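>
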Amino acid sequence: MKVEIVTHRDGKEATVGFEYEKRFEAERPMVLDVLLQAQARTMPDLAFRYGCRARNCGVCTVDINGKPRIACRARAREGDTISPVATLPVLSDLVVRRDGIARQMRGRLSSGGQGNNLNVEAPEAYHDLTACIECYACLDKCPMHARNFDGGLPGDVQNAEDLPDASKGYRWGNPFSLLKLQRIRIDPLTTDAGRQAAVDNAIDLGLDACVGCAGCKCGVGIDLMGQVVGELLEAAKDRLPSSKT
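In the numbering used here, the protein residues as written are 5 to 249.
1. Would you decide whether Asp67 is buried or exposed? Buried here means 16 or more other CB atoms lie within 10 Å of its CB.
2. To which residues of the same chain is Ala78 closer than 7 Å at the C-beta, ignoring the five residues directly before and after it?
3. So, using beta-carbon positions, are Val232 and Leu193 closer together than 8 Å?
4. Can you pull the DSSP bridge partners for Lys6?
5. Would you kindly report the start and end of the unbroken alpha helix (DSSP H) that includes Val274?
6. Would you tell me roughly how many angstroms separate the C-alpha atoms of Pro48 and Ala80, rounded to the nearest one?
7. Tell me which same chain residues have a C-beta within less than 6 Å of the C-beta of Glu82, skipping the five on either side of it?
8. Between the beta-carbon of Arg187 and the beta-carbon of Tyr130, is there less than 8 Å?
9. For Val224, name the three-state secondary structure that DSSP assigns.
10. Quickly, what does DSSP pair Ile68 with across the bridge? List them, please.
11. Less than 8 Å between the beta carbons of Gly198 and Gly104, yes or no?
12. Using only the alpha-carbon positions, how far apart do Ala239 and Gly155 sit?
13. Does the distance from the CB of Asp24 to the CB of Val10 come in under 8 Å?
14. So, Thr91 versus Leu143, is the Cβ gap smaller than 8 Å?
15. Does the separation of the CB atoms of Arg73 and Thr65 fall below 8 Å?
16. Apply the 10 Å Cβ neighbour rule to Asn205 and answer buried if 16 or more other Cβ atoms are within range, or exposed otherwise.
17. Any C-beta of chain B sitting closer than 8 Å to the C-beta of Gly70?
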């Protein structure tokens, strides 16, 4: 099975062909299997991440034919092109800089204190949102996140020096940051002030970009539009522009 792997070295992009050798006739390898074999046999310096068995799920996300996929869960197919996710700056080969997303939330994740009853059960929707593995597949085609790169993507920026400083956290948000804020809103231990602060933070991160947006897709199947974005838009509807549809 032949695939193409896009590498990034010293600011230059190259596409390298690799033929995966199946370990048994009926094998349907995952993309991560392909990358591991490529590194072991012909590309010893191939850089990519995976966190299987290390409680670091989600970091193996790559683009497969231009769409973000979790490498350890996505089946590889003949002719696939494997490349780094287009929504974050590339460090080397398939490794992208992820810390700008996490740093963005510093100082924004406060529940405002706790209620008096610590024995209250969280709603089912709260538990649904804990399924997030921080793969950042939801950044794909996100107009809010694209604002961090002047409306484009990191790969569209010709000069790396023009990229925002990820060490300071990105200015504009994304579905992942909205999910974190929505979890605070529906946490039964969050105070009224904490819920309002979560909405305020969502607006500050660019929630208006979600008005009229076709929607975002989660790598593990969380209903981001229904359980996160839609809920925040409803909570902030009097402070946002009308639908752009």
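Ideal placement from N, C-alpha and C gives every residue a C-beta, glycine not left out.
Bear in mind that the values here come from a model prediction, so they are computed numbers and not experimental data.
On the basis of the data shown:
1. Within the sequence shown, numbered from 1, the residue matching residue 67 stands at position 63. With 16 or more other Cβ atoms within 10 Å, it is buried.
2. What you label residue 78 is simply residue 74 of the sequence shown in a count that begins at 1. Counting only Cβ-Cβ distances below 7 Å, and skipping sequence neighbours, we find Met34, Val35 and Ile68.
3. Here residue 232 is taken as the residue at index 228 of the sequence shown, counted from 1. Here residue 193 is taken as the residue at index 189 of the sequence shown, counted from 1. For Val232 and Leu193, no; Cβs fall outside 8 Å.
4. Taking the first residue of the sequence shown as position 1, residue 6 is located at position 2. Glu23.
5. This structure does not reach residue 274, given that the chain is present from 5 up to 249, and the question cannot be answered.
6. Here the question's residue 48 lines up with position 44 in the sequence shown. Here the question's residue 80 lines up with position 76 in the sequence shown. Looking at the two C-alpha atoms, the distance is approximately 20 Å.
7. Position 78 of the sequence shown holds residue 82. Closer than 6 Å at Cβ, skipping near neighbours: Met5.
8. Along the sequence shown, one-based indexing puts residue 187 at 183. Along the sequence shown, one-based indexing puts residue 130 at 126. Contact flag set, yes.
9. Start at 1 with the first residue of the sequence shown, and residue 224 comes out as number 220. Val224 falls in the coil class under three-state DSSP.
10. As a first step, residue 68 is located in the sequence shown; it is residue number 64 there, counting from the start. Its beta-bridge partners are Lys71 and Ile86.
11. Walking along the sequence shown from the start, residue 198 turns up at place 194. Walking along the sequence shown from the start, residue 104 turns up at place 100. Not in contact: Gly198 and Gly104 (Cβ atoms no closer than 8 Å).
12. Residue numbering aside, residue 239 sits at position 235 when the sequence shown is read from its first letter. Residue numbering aside, residue 155 sits at position 151 when the sequence shown is read from its first letter. One C-alpha to the other measures close to 26 Å.
13. Walking along the sequence shown from the start, residue 24 turns up at place 20. Walking along the sequence shown from the start, residue 10 turns up at place 6. In the sequence on display, residue 24 carries Tyr and not Asp. Contact: no.
14. Within the sequence shown, residue 91 is the residue found at index 87, counting from 1. Within the sequence shown, residue 143 is the residue found at index 139, counting from 1. Yes; because the gap between Cβ atoms is below 8 Å, this pair is in contact.
15. Translated into positions along the sequence shown, residue 73 becomes position 69. Translated into positions along the sequence shown, residue 65 becomes position 61. Their beta carbons are under 8 Å apart, which means Arg73 touches Thr65 by this criterion.
16. As a working mapping, residue 205 is identified with position 201 in the sequence shown. Asn205 comes out buried.
17. No chain B is part of this structure, which consists of one protein chain only.
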